[in-house]
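Trainee: The working numbering puts the first residue of the sequence shown at 1, with every later residue one more than the last.
Backbone N, C-alpha and C define an ideal beta-carbon position, used for all residues, glycine too.
The structure displayed is predicted, hence computed values, not measured ones.
The structure under discussion is supplied below as structure tokens; questions concerning it will follow.
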Amino acid sequence: MSENNPFEIAQRQLDECARILNLDDSIRDILRVPMREIHVSIPVRMDNGNFRVFKGFRVQYNNARGPMKGGIRFHPDETIDTVKALAAWMTWKTSIVDVPLGGGKGGVICNPKEMSDGELERLSRAYIQSISEVVGPEKDVPAPDVYTTPQIMAWMMDEFSKIYQKNQFGLITGKPLELGGSAGRGDATARGGCYTIREAANYLGIDLKGATVAIQGFGNAGHFAASLVSSLFGCKVVAVSDSKGGIMDENGLAVEAVIKHKVKTGSVVGFPNSKPISNIELLELDVDLLIPSALENVITSDNASNIKAKIICELANGPTTPEADEILYNNGIHVIPDFLANAGGVTVSYFEMVQNFYMYYWEEALVHERLDKKMTSAYHATLHASNKYNVNMRKAAYVVAVERVVKAMQLRGRI
Ligand code: NAD
């Protein structure tokens, strides 16, 4: 058993939940594996005239509570185990925020940074064609994830609409606003995380005004988190990082200026008057709030005991290994676990589906209000289970989410 295989981690987390809930072994065994795992070979004509065959996946983990939902990653290091783990986490994520959806995930092994727009468009269309029989607004609804964009969602929606010969806006979420996207989707993941941070701080008696924050990763999730913790709560963001390295200023970074610097130079590194800091050092800073917003497995048994933050809000998927989780819990660190903390994205994706079905679109303020309600109630359901079972917040979130999925399976007569 490796500490870092994401699917093994997802299974171990589920096993632990089954133990706490005293779940029947046969029910646990059903939940340990995806309902369906699709592998496709996708031939794409490249700009040089030759065909190249890409490998793609769609994993449909569980649809007891509704159509499966989960993003598509385009990444050179994509693996089926990562996609399976993410599909499992999507199942628990849609359940913890109590939206009527199941869990799925997709991926294609490719490097979009080395492909032309034309190649990327042909790959996107060919991928959705290859899985068109098994996805759709009532079956399985994809979305953007690592290295996939609203433009890619638009191409996929268009291709699917051609196959079915009618507009199919509800096929996919994260679309451009002009094509059935939802207001408030851009910062939804970070904003949802901020609502859970607010609730956690209230519970722990931490004043967020002036609270210090370190954020690893400065992409979609990380840069919006930096901006929102400053603007919503008056927190002091003292360190941020990206794949090229990190920067620090004990007096607080000017977040909007850092965002502009990153847009201009491609990295946060070299921001004027900041001190350089490594990604490893950033995690161990003496701050009130740590927000991992980049990669999996960055908090492990090697560094967990050095972490000093009071709250960790996991916007990234899978940043903490189970070994590290135990250490953090024993050290009294309040972890808002990934599939709760970053559920804002899928919640607003669900709102996007609802608006597509209605063909009537909401103001951004209404999206924020409804997102707040969902995230706040998911946080408190988790906190309640954490206190009831005397377990950490991740195990508690599993308990709440898995119980709901099991209930749906029972009511449907599947178990
Ligand atoms: P992104 O590609 O926009 O940003 C990723 C960031 O991480 C970039 O700033 C990149 O430079 C940085 N990074 C990459 N390698 C790094 C390294 N070795 N050390 C430090 N930083 C590194 O991706 P994103 O959409 O912001 O997603 C980040 C995480 O949040 C992922 O785990 C993703 O699954 C999760 N997440 C995102 C959303 C969303 O709506 N964007 C929703 C749920 C979960």
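1. Which two residues bound the contiguous beta strand (DSSP E) that contains D140?
2. Spatial neighbours of V298 within its chain, please: CB distance less than 7 Å, with the 5 preceding and 5 following residues excluded, ordered by chain position.
3. Under 8 Å, with one C-beta from each stretch per pair, do the region 126–137 and the region 155–162 reach the 3-pair mark?
4. L253 and V263: beta carbons closer than 8 Å?
5. T91 and V405: beta carbons closer than 8 Å?
6. What separation, rounded to the nearest whole angstrom, lies between the Cα atoms of N356 and G170?
7. Drop a sphere of 10 angstroms on the beta-carbon of L366, count the other beta-carbons inside from all chains shown, and report buried for 16 or more, exposed for fewer.
8. Assign V402 to one of three DSSP states: helix, strand, or coil.
9. Report the partner residues of K310 according to the DSSP bridge assignment.
10. For A200 and H334, what's the separation of their Cα atoms in angstroms?
11. How would you call R412, buried or exposed, if buried means at least 16 neighbouring beta carbons within 10 angstroms?
12. Output yes or no for whether 8 Å exceeds the beta carbon distance between N317 and E296.
13. Alpha carbon to alpha carbon, how far is G103 from G344?
14. Counting along the chain, where does the alpha helix (DSSP H) carrying L101 start and finish?
15. Measuring CA to CA, which of V346, A396, V400 is closest to P142?
16. I need the straight-line Cα distance from G245 to E178, nearest angstrom please.
17. Could you tell me whether the region 104–116 touches the region 52–61, using the rule of 3 or more Cβ pairs below 8 Å?
18. Check the C-beta distance from R65 over to T94 and give it rounded, since I have them as a contact under 8 Å.
19. When you compare the region 217–235 with the region 377–387, are there three or more beta-carbon pairs, one atom per stretch, that lie closer than 8 Å?
20. Go ahead and pull the three-state DSSP assignment for T320.
21. Would you kindly report the start and end of the unbroken alpha helix (DSSP H) that includes Q355?
22. Within 10 angstroms of the Cβ of Y164, are there 16 or more other Cβ atoms? Answer buried if so, exposed if not.
23. Hey, is S230 close to the ligand NAD, as in C-beta under 7 Å from one of its heavy atoms?
24. On the CB-based measure, 16 or more other CB atoms within 10 Å of its CB, does M1 come out buried or exposed?
25. Does L290 come out as helix, strand or coil in the three-state DSSP assignment?
Mentor: Checking against the coordinates, here is how it stands:
1. Walking along the sequence shown from the start, residue 140 turns up at place 140. 140–144 is the extent of the beta strand (DSSP E) around D140.
2. Residue mapping note: residue 298 aligns to position 298 of the sequence shown, counting from 1. The residues are Q216, L283, P292, P319.
3. yes
4. Stepping through the sequence shown from its first residue, residue 253 is reached at position 253. Stepping through the sequence shown from its first residue, residue 263 is reached at position 263. Going by C-beta atoms, L253 is not nearer than 8 Å to V263.
5. In the sequence shown, the residue the question calls residue 91 occupies position 91. In the sequence shown, the residue the question calls residue 405 occupies position 405. A contact, by the Cβ cut-off of 8 Å.
6. Position 356 of the sequence shown, counted from the start, is the residue given in the question as residue 356. Position 170 of the sequence shown, counted from the start, is the residue given in the question as residue 170. C-alpha separation (whole angstroms): 6 Å.
7. Against the sequence shown, residue 366 aligns to sequence position 366. Exposed, by the Cβ-count rule.
8. Indexing the sequence shown from 1 puts residue 402 at position 402. Of the three classes helix, strand and coil, the one that applies to V402 here is helix, per DSSP.
9. On the sequence shown, residue 310 is found 310 positions in, with the first residue counted as 1. In the DSSP output, where bridge partners are listed per residue, K310 has none listed.
10. For the purposes of this step, residue 200 is taken as residue 200 along the sequence shown, with counting starting at 1. For the purposes of this step, residue 334 is taken as residue 334 along the sequence shown, with counting starting at 1. Whole-angstrom Cα-Cα distance: 8 Å.
11. Counting from 1 along the sequence shown, the entry for residue 412 is found at position 412. By the 10 Å Cβ count, R412 comes out exposed.
12. Along the sequence shown, one-based indexing puts residue 317 at 317. Along the sequence shown, one-based indexing puts residue 296 at 296. Yes, the pair counts as a contact, with Cβ atoms nearer than the cut-off.
13. In the sequence shown, the residue the question calls residue 103 occupies position 103. In the sequence shown, the residue the question calls residue 344 occupies position 344. About 15 Å.
14. Start at 1 with the first residue of the sequence shown, and residue 101 comes out as number 101. L101 -> no alpha helix (DSSP H), and no H or E assigned at all.
15. Counted from its first residue, the sequence shown places residue 142 at position 142. For the residues V346, A396, V400, the minimum Cα distance to P142 belongs to V346.
16. Here residue 245 refers to the residue found at position 245 of the sequence shown. Here residue 178 refers to the residue found at position 178 of the sequence shown. Using only the alpha carbons, I get a separation of about 36 Å.
17. yes
18. Here residue 65 refers to the residue found at position 65 when the sequence shown is read from its first residue. Here residue 94 refers to the residue found at position 94 when the sequence shown is read from its first residue. About 7 Å separates the two Cβ atoms, so the contact holds.
19. no
20. Taking the first residue of the sequence shown as 1, we reach residue 320 at position 320. In this structure, T320 counts as strand in the three-state DSSP scheme.
21. Counting from 1 along the sequence shown, the entry for residue 355 is found at position 355. Element bounds for Q355: 344–358.
22. On the sequence shown, residue 164 is found 164 positions in, with the first residue counted as 1. Exposed, since its Cβ has fewer than 16 Cβ neighbours within 10 Å.
23. In the sequence shown, the residue the question calls residue 230 occupies position 230. No; taking the cut-off as 7 Å, the Cβ of S230 has no heavy atom of the ligand NAD nearer than that.
24. Numbered from its first residue, the sequence shown carries residue 1 at position 1. Because the pLDDT of M1 is 48, which lies under 50, any placement of that residue in the model is unreliable, and the number read from its coordinates should be weighed accordingly. Answer is exposed; the Cβ neighbour count stays below 16.
25. Stepping through the sequence shown from its first residue, residue 290 is reached at position 290. The answer is strand: DSSP assigns L290 an E or B state.
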